[in-house]
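Here's the structure, in structure tokens; my notes come after.
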Amino acid sequence: MNESAEDYIKTIYILMRRNACVHSVDIARELGFSRASVSAAMTNLRGKEIIVMKKNGEIEFTEMSRLQRMMRAGWSIISAIRHMTGSSNISANDRSLSEK
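For this note's numbering, count along the sequence shown from 1 and bump the result up by 306.
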């Protein structure tokens, strides 16, 4: 996933924590981008099955996307603990999780 898509995902997440629901116009305001640019990005994220857009325009993460975010967060915690304890024992399976 490219950096731009990750920026949109982070922004959606932040806005969801701040507000009950998120629409494309909210993302455009937050990032200072045109509505057309945000619309194109949302089409891209829908195509990658990261988000869904309800009929009223509300944006939500897909269930698979939520699970992947939780796994990445868990990996970050594990990595931090290993770093703090000086453990550099990282298996191939662990590395593959961090790359997803």
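Where is the CB? At the ideal position from N, CA and C, for every residue including glycine.
The structure presented is a predicted model; accordingly, all values stated were derived computationally and were not measured.
{"Check": "Alpha-carbon to alpha-carbon, residue 362 and residue 330", "Outcome": "11 Å"}
{"Check": "Start-to-end residues for the beta strand (DSSP E) that takes in residue 357", "Outcome": "357-359"}
{"Check": "Of the residues 387, 391, 358 and 384, the one placed nearest residue 315, counting alpha carbons only", "Outcome": "358"}
{"Check": "Beta-carbon spacing of residue 360, residue 369 below 8 Å", "Outcome": "no"}
{"Check": "Cβ-based burial, residue 390 [other Cβ within 10 Å; buried from 16]", "Outcome": "exposed"}
{"Check": "For residue 364 and residue 324, the rounded distance between their alpha carbons", "Outcome": "14 Å"}
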